[in-house]
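Student:
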Amino acid sequence: MVDSNTTDTTAAAALLAAVADPIRLQLLHALIGQPRCVCDLQPEPAIPGNLLSYHLKVLREAGLIEGTRRGRWIDYSLTDGALERLHAALPDPAMVARQLTVVR
2 MVDSNTTDTT
12 AAAALLAAVA
22 DPIRLQLLHA
32 LIGQPRCVCD
42 LQPEPAIPGN
52 LLSYHLKVLR
62 EAGLIEGTRR
72 GRWIDYSLTD
82 GALERLHAAL
92 PDPAMVARQL
102 TVVR
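If you read the sequence shown in my numbering, its first letter stands for residue 2, the second for the next number, and so on.
(1) Tell me whether R25 sits in a helix, a strand or coil according to DSSP, three-state version.
(2) To which residues of the same chain is D41 closer than 6 Å at the C-beta, ignoring the five residues directly before and after it?
(3) If you draw a straight line from the C-alpha of L29 to the C-alpha of R37, how long is it?
(4) Do you know how far the Cα of D9 is from the Cα of A95?
(5) Once you ignore the five residues that flank P44 on each side, which residues in its own chain have a CB closer than 7 Å to its CB?
(6) Using DSSP with H/G/I as helix, E/B as strand and the rest coil, what is G68?
(7) Are the Cβ atoms of L52 and A19 separated by less than 8 Å?
(8) Determine which residues share a DSSP beta bridge with D76 and list them.
(9) On a Cα-Cα basis, can you pick out the residue from G64, Y77, K58 and R70 that is closest to E85?
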């Protein structure tokens with residue numbers, strides 16, 4: 002039987018893995034505060050369109066971004082609570098400090 006703590010840790014690790022790539026992290030930063038057309042999301046340095054699509058797919062599958070079709074273009078935006086879920090996936094500094102105190 003898998004306990005909920007293991008499930009939570011696995012989900013947090015999957016979420017953090019989705020943003021553990023410099024291109025995907027750059028894409029998230031570009032989407033903070035406003036939706037952007039895929040045509041405006043080319044990271045620096047530029048990457049081929051198929052690679053950009055792959056990175057957007059990883060972020061979509063992680064539930065961090067969503068796309069809305071507008072004619073032949075897709076506008077991407079952060080999902081509601083995306084940044085809060087990422088923050089919650091990180092270790093709580095107070096809990097880590099307590100654990101380190103107990104170990105010593």
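Where a beta carbon is used, it is the ideal one built from N, C-alpha and C, also for glycine.
Tutor: By the coordinates alone:
(1) As a first step, residue 25 is located in the sequence shown; it is residue number 24 there, counting from the start. Of the three classes helix, strand and coil, the one that applies to R25 here is helix, per DSSP.
(2) In the sequence shown, residue 41 corresponds to position 40, counting from 1. Result list for D41: empty, nothing under 6 Å.
(3) Working through the sequence shown from its first residue, we reach residue 29 at position 28. Working through the sequence shown from its first residue, we reach residue 37 at position 36. Going by C-alpha positions, L29 is about 11 Å away from R37.
(4) As a working mapping, residue 95 is identified with position 94 in the sequence shown. As a working mapping, residue 9 is identified with position 8 in the sequence shown. The alpha-carbon of A95 is positioned some 18 Å away from that of D9.
(5) Mapped onto the sequence shown, residue 44 falls at position 43. Once the five neighbours on either side are set aside, the close Cβ partners of P44 are I24, Q27 and L28.
(6) Within the sequence shown, the letter at position 67 stands for residue 68. In the structure shown, G68 adopts extended strand secondary structure according to DSSP, grouped into three states.
(7) For the purposes of this step, residue 52 is identified with residue 51 of the sequence shown, where counting begins at 1. For the purposes of this step, residue 19 is identified with residue 18 of the sequence shown, where counting begins at 1. The answer is no: Cβ separation not under 8 Å.
(8) Position 75 of the sequence shown, counted from the first residue, corresponds to residue 76. Checking the DSSP bridge columns, you'll see D76 partnered with C38 and T69.
(9) For the purposes of this step, residue 85 is taken as residue 84 along the sequence shown, with counting starting at 1. The shortest C-alpha to C-alpha distance from E85 to any of G64, Y77, K58 and R70 is the one to G64.
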